[in-house]
Ligand code: MIC
Ligand code: SF4
């Protein structure tokens, strides 16, 4: 079906197929096969960015070769020690030298600012953040990836991925009052689960699309990451043009639509008219229930913001709901506007004053509580958030119960002191200004190429060099250090509360916290045994793009991870770090393996050359079992070389000879 539509030039094409085809560098666009695409733009943020610039430096290239690369500082903005400020300075100086635009701390969350200022329909974007697909709201193929992949793309290299299936989501009807874009993506999460989108692109169409603004579309493409999707995208239409006009960027607009009768691999239909306010319960974005069916739940904290829901319209609605009211004494309401542009608009319209008067605590334009950078809830507290992730412990308080919802549900619930269906109130209407207060004075252009060579990149003492693996040995041996369940997130593997985020440039220090939410003794055990293997269930490594979730295990000597299945970005990060990512062939072998079992993989090079099935000997229990190494021929070369950096350097040297 879809593959015919994609490979046969005479057939009607989806938008995704058109963009991929126009950027195709290698491979055939057949679902599951590895393809390589050229990358027009890259973005980095600070908690993954320091690694990216260290990696770019290690590649030895003088300047980026993309059409546009942007470095944001938006995550690590609490400066309780020198580390974060040092990271910001490192990124700023590296950006100036290497030809990257730099969005200063305070300017906003990368995805919101990128949408406002840089997203271009029809282009490709690779970002070192899993919510990069936000830009798909404007018809861009925007993909989240590990830092090393982004560094290579900055250097002009293509991005390799398995050709995804293209799923058409047809939106019928129109949202009813108080029902929002967040409810559309929560509905999809409830239908498909957090692994339902792995290996897929979600392309939206239908009459319902026209009624959604670009920021509403962005809420949906943003949270497509929670489905595990490669990316999500919308057409570029008159609504897109209007958004770009408000940004003074109408020149960047061009129309983009699927051909009449385009064929897709799967079709899903959602009737917007039937949707109602939804909420995701602790601790997973797919544990979705209708707000009205939730038993009375008292809220202690309400957080509004994040790259999912902090656009101009979102926050104008919040201000309208709060107008003239006061937040109850036992509720803490915090609001973090997504960008300085949004904050300026709120100030100019008087909406900010309404929020302040109601008792909201206004935070700077940054990720803030979404990544646990402050505002950790009280012990056992219920926190209702407009964010995209409510993974266990992510808020910074392990006993907290975090729920996810739309800004409308959040604001009404904050006033009522409990999770409330907003339809008990009269509908509200807000008007977003036709022209947004555009001001790029917090975006620094890089130094001109001729001056770049002289520029110094400033690194603080906490910034350690990039960690490199060794070439893959013929034998791997070690014990099973941990057996884990399904859906282990990157927040379990490399927790990132405010205390640990300052260590993002220091893998040796960070490694002491690796997998501690699963087992506090894991780092010590791994060090004592000089490494070993990890075993996990389905969808291992869902969530963030942080390659620290591969590099910290590498530092602790992890040689391989054997799982029932992997999340896309984390699997790529493991392979890029030169760590074997293996899947059980038989679920029974996952059931019978135990912690401390001694494993042995012999004649690895011959086994890998022969086929994709490898034999693992369980020496402790005295049996052998089969695992699969699902990797492309290129990824196998990467593994053999000891990781993507070593492989890329070797390729460059070969070309130079
Ligand atoms: C997230 O939302 O989990 C993050 C923090 O933005 C991560 C990046 C990181 O871990 O630094 C992501 O989404 O990739
Ligand atoms: Fe920042 Fe949260 Fe968005 Fe990640 S999900 S980029 S932490 S706002």
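Numbering (the numbering used here), first residue to last: 354 to 1010. Where a beta carbon is used, it is the ideal one built from N, C-alpha and C, also for glycine.
The alpha helix (DSSP H) that contains residue i, what's its start and end?
i           : result
residue 908 : 901-908
residue 379 : First-last for residue 379: 377-379, but that is the beta strand (DSSP E), not the alpha helix (DSSP H).
residue 468 : 463-470
residue 593 : 591-599
residue 543 : 534-545
residue 578 : First-last for residue 578: undefined, no H or E at that position.
residue 844 : 843-846
residue 500 : 500-507
residue 563 : 560-563
Are the CB atoms of residue j and residue i within a distance shorter than 8 Å?
i           : j           : result
residue 478 : residue 490 : no
residue 699 : residue 668 : yes
residue 486 : residue 496 : yes
residue 443 : residue 504 : no
residue 971 : residue 946 : yes
residue 894 : residue 924 : yes
residue 394 : residue 419 : yes
residue 537 : residue 412 : no
residue 561 : residue 614 : no
residue 547 : residue 892 : yes
residue 364 : residue 762 : no
residue 689 : residue 721 : yes
residue 589 : residue 568 : no
residue 933 : residue 982 : yes
residue 952 : residue 930 : no
residue 921 : residue 695 : no
residue 462 : residue 586 : no
residue 898 : residue 481 : yes
residue 865 : residue 835 : no
residue 915 : residue 875 : no
residue 644 : residue 631 : yes
residue 652 : residue 735 : yes
residue 940 : residue 917 : yes
residue 387 : residue 515 : yes
residue 440 : residue 429 : yes
residue 541 : residue 580 : yes
residue 790 : residue 701 : yes
residue 768 : residue 756 : no
Check for me: the beta strand (DSSP E) holding residue i runs from which residue to which?
i           : result
residue 585 : 584-586
residue 455 : 454-456
residue 737 : 735-738
residue 494 : 494-497
residue 480 : 477-480
Can you pull the DSSP bridge partners for residue i?
i            : result
residue 937  : 980
residue 831  : 952
residue 389  : 379, 513
residue 555  : 520, 585
residue 966  : 981
residue 423  : 396, 454
residue 756  : 737
residue 994  : None; residue 994 has no bridge partner.
residue 1032 : The requested residue 1032 is not part of the displayed model; the chain covers only 354 to 1010.
residue 971  : 952, 976
residue 771  : 651
residue 692  : 461
residue 412  : Bridge partners of residue 412: none, in fact.
residue 609  : 589
Residue i CB to nearest chain D CB: under 8 Å?
i           : result
residue 482 : The structure shown contains no chain D, having only a single protein chain.
For review: beta carbons within less than 5 Å of any heavy atom in the ligand MIC: 400, 401, 482, 483, 724, 897, 898, 899
Whole beta strand (DSSP E) elements within the region 854-923, 3-residue minimum: 885-889, 911-916
Beta strand (DSSP E) runs contained entirely in the region 793-841, provided each spans 3 or more residues: Qualifying beta strand (DSSP E) stretches, in chain order: 829-836.
Secondary structure, alpha helix (DSSP H): runs of 4+ residues fully inside the region 694-730: Annotation note: the region 694-730 contains the following uninterrupted alpha helix (DSSP H) runs of length 4 or greater, listed N- to C-terminal: 704-711.
Within the region 620-689, ranges of the alpha helix (DSSP H) (whole runs, at least 4 residues): 665-675
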